[in-house]
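Peer 1: Pasting a structure below so you can have a look.
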Amino acid sequence: MVNDTRAALVRRGAIASIFLLVAFLAAWQWGPGLLGVPSFIVPPLSSVATEFVRAWQVYHLPLHTGVTAAEVLAGFMLGSLLGAMVGYLLGMSPTAELALSPYILALQIAPKVAFAPLFILWMGFTVYPKILVAILIVFFPVMVNVLTAVRNVDPDLINLARAFKASRAQIFWRIEFPSSMPPMFAGLRIGSTLAVVGVVVGELVGGNLGLGYLLTFGEGQANTPLVFVSIVMLTLVGGIAYLIVILIERRVLHYLPARGVGRNI
Amino acid sequence: MSVVRLEYRNVTMRFADSNDAGALTAVRGVSFSVHDAEVVSLIGPTGCGKSTLLNIGSGLTPPSEGSAFVDGERVAGPNAQVAFMLQKDLLLPWRTVAENVTFGVEIQGLPLKECKRRAAALLANFKLAEFSGHYPHQLSGGMRQRVALARTLAVDPHVLLLDEPFSAVDAQTRMVLQRDLAQTLKQANKTALLITHDLAEAVTLSDRVLVMSRRPGTIIDEIRIEMPQRDNPIARRRDAKFNDYVAHLMDRLDIAHVALEREGEGAAW
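So the protein sequences, as listed, match chains V and A.
Read left to right, the first sequence gives residues 1 to 265 (my numbering).
Read left to right, the second sequence gives residues 1 to 269 (my numbering).
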């Protein structure tokens, strides 16, 4: 019975969702014309679609998308790896955390994207400054979540392992590391969307590759449809990154009880 | 008299007080011993240092003065002869029931095959065999506590230290779990120190009951439970002497005159 009502709920939700999408696309196509909004402000859906085809053929859209996706992937992987490692180290050493916390806090408050021009000064118009901004921006949510998770492990659980004469390494790999998985994945989800922000800002500031570059290029030519195409592609890249994290999370955290409505959000 | 398995010799434990520089004495000059295959209960008011004694016995915290001995050897740290079980089941959510049972033996480095064999035997004994592949969140509170007991027994300890193991489950489940524990302890000839707030639990499960005073905790009385059938707590509850023992313990704890402590006081122990 419960499954029946849940299936019905999901079905109703999916139908409503598709209806909303159709309504949105229709509003995009005919809304601007009906409200008298000029097409250089909000181009209708059809002209964005036409521009998409043109960008694919003339402006090397696949190349720019690929470059951005690769930068996002590199920045996300390195940033989360670094964030997790520092999170575990600080989580296991309260002294290190106390010593470093003011600097970490300062760096966390500093808007990471503001570093983009600096990194371009350092490394030129290459892919590296973009990856570096992504690393910096992904680092914090992952590190903070891992740190908090390690700090919040039930001390009785550690005592249980200690009473079985567990070594420090055994306590880490059998208790602390697996305990930190759910919060770490929460951090990775946030990180996967932030990585796109970091990369785009890097590309906006300098270089001649990537969707961020295409964005400024379109802006310079007053080509509003191209700006929209770039935004849609960026959303797609971010969405795929988020989806990949969710799929890995499902596999790793398979032991958790199924969550309620809207499981994957 | 048989061999002494667990002994506390003149154990005193002081903690640094968080409010001022002074030290807070949790237990003072506690001495007692538990013999082989004997079950001894420790009762006393909240904050009298019962759990502190358990931590000292399992080697997790060294006492300020005195020593604990297991099998005649001074406890200097965690050791394989002692295993403890708490009110919380402490099951690892990412491990299946069988994997949770083998947690301790795995750490102690037993071959995987032997670990699995022990888990299967214990789970069969506790009628949990069909759940061995389940995850803890799929079990009821009573079943989870039974898995925790199986994990404690899997390392085959000489001494079990039990800190209010059943206080988080409902009254009926508790009686079933008490019976399971009593039968297991009897069959395996295990020595156990049981900390409890439940006077009936102390009387039905133990050979002896030790009564502790308020903080700083000292042992103020020792009652030998002269009832048969230590492996059948439900039968013991029906025994004519049962109510007398409980009444006596109530008198010793002065339960009629104890004012309720402020919330949180003594909660650290």
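Cβ atoms here follow ideal geometry from the backbone N, Cα and C, with glycine treated the same way.
Predicted, not measured: the structure shown is a model, and the values here were computed from it.
(1) For residue 264 of chain A and residue 187 of chain A, I'd like the C-alpha separation in whole angstroms.
(2) With distances taken from CA atoms, which of A:92, A:211, A:34, A:157 is nearest residue 252 of chain A?
(3) Check the C-beta distance from residue 96 of chain A over to residue 137 of chain A and give it rounded, since I have them as a contact under 8 Å.
(4) From which residue to which residue does the alpha helix (DSSP H) around residue 196 of chain V run?
(5) Return the first residue and the last residue of the alpha helix (DSSP H) that residue 221 of chain A is part of.
(6) Just the chain V side, please: which residues come within less than 8 Å of residue 158 of chain A by C-beta, in chain order?
(7) By Cβ distance, which residues of its chain are closer than 6 Å to residue 161 of chain V, with the 5 residues on each side in sequence left out?
(8) So which residues of chain V does residue 83 of chain A contact, with C-beta pairs closer than 9 Å?
(9) When the Cα atoms are used, what is the spatial distance from residue 93 of chain A to residue 144 of chain V?
(10) Which complete alpha helix (DSSP H) runs does the region 160–241 of chain A hold, if anything under 4 residues is left out?
(11) Excluding the 5 residues preceding and the 5 following residue 42 of chain V in the sequence, name in chain order all residues of the same chain whose CB lies nearer than 6 Å to its CB.
(12) Compute the Euclidean distance between the alpha carbons of residue 28 of chain V and residue 45 of chain V, then round it to the nearest angstrom.
(13) Please decide whether residue 88 of chain V counts as near chain A, where near means a Cβ-Cβ distance under 7 Å.
(14) By DSSP, does residue 33 of chain A sit in helix, in strand, or in coil?
(15) From residue 239 of chain A to residue 98 of chain V, what does the alpha carbon distance come to, in whole angstroms?
(16) Skipping 5 residues on each side, what residues in its chain have a beta carbon closer than 6 Å to that of residue 84 of chain A?
(17) Taking only runs of the alpha helix (DSSP H) that begin and end inside the region 222–254 of chain V, which ones reach a length of at least 4 residues, in chain order?
(18) By the 10 Å Cβ neighbour count, where 16 or more other Cβ atoms means buried, how is residue 180 of chain A classified, buried or exposed?
(19) In three-state DSSP terms, what is residue 16 of chain V?
(20) In whole angstroms, what separates the C-alpha of residue 173 of chain V from that of residue 244 of chain V?
(21) So with Cβ pairs under 7 Å, would you call residue 137 of chain A a contact of chain V?
(22) Of the choices A:86, A:7, A:230, whose alpha-carbon is the least far from that of residue 155 of chain V?
(23) Given a cut-off of 7 Å on the beta-carbon distance, is the pair residue 101 of chain A and residue 151 of chain A in contact?
(24) Relative to the C-alpha of residue 153 of chain V, which residue among V:52, V:60, V:91 is closest?
(25) Can you name the start and end residues of the alpha helix (DSSP H) that residue 213 of chain V belongs to?
(26) Using only the alpha-carbon positions, how far apart do residue 43 of chain A and residue 55 of chain A sit?
(27) DSSP state of residue 129 of chain A, grouped into three classes?
(28) Closest by CA to residue 73 of chain V, which one among V:112, V:59, V:116, V:198?
(29) Would residue 116 of chain V and residue 205 of chain V qualify as a contact pair, given that the criterion is a beta-carbon distance under 7 Å?
(30) Taking 6 Å as the line, does the beta carbon of residue 97 of chain A fall inside it for any heavy atom of the ligand FAD?
Peer 2: Inspection of the coordinates gives the following:
(1) Confidence at residue 264 of chain A is low in this model, with a pLDDT of 45, below 50, so the placement of that residue should be treated as unreliable; the coordinate-derived value is given next. One C-alpha to the other measures close to 39 Å.
(2) A:211
(3) No, residue 96 of chain A and residue 137 of chain A are not in contact; Cβ-Cβ is about 11 Å, not under 8 Å.
(4) 181–205
(5) Not the alpha helix (DSSP H): residue 221 of chain A falls in the beta strand (DSSP E), residues 219–224.
(6) Per Cβ cutoff of 8 Å: no residues; residue 158 of chain A is ~14 Å from chain V at best.
(7) 171, 175
(8) 163, 164
(9) Cα-Cα distance, rounded: 22 Å.
(10) 171–188, 199–205, 233–238
(11) Correct list, in chain order: 32.
(12) 6 Å
(13) Closer than 7 Å: no.
(14) strand
(15) Their Cα atoms are separated by approximately 60 Å.
(16) Excluding positions up to five away in sequence, the list reads 58, 161.
(17) Taking 4 residues as the shortest admissible run, the region 222–254 of chain V contains the following complete alpha helix (DSSP H) segments, listed from N- to C-terminal end: 224–252.
(18) buried
(19) helix
(20) 25 Å
(21) Among the residues facing chain V, residue 137 of chain A is included, as its CB has a counterpart in that chain under 7 Å away.
(22) Cα-wise, what sits closest to residue 155 of chain V is A:86.
(23) yes
(24) V:91
(25) 211–220
(26) 16 Å
(27) Three-state DSSP puts residue 129 of chain A in a helix.
(28) Ranked by Cα distance from residue 73 of chain V, the first of V:112, V:59, V:116, V:198 is V:198.
(29) yes
(30) As far as ligands go, the structure on display features none, and thus does not contain the ligand FAD.
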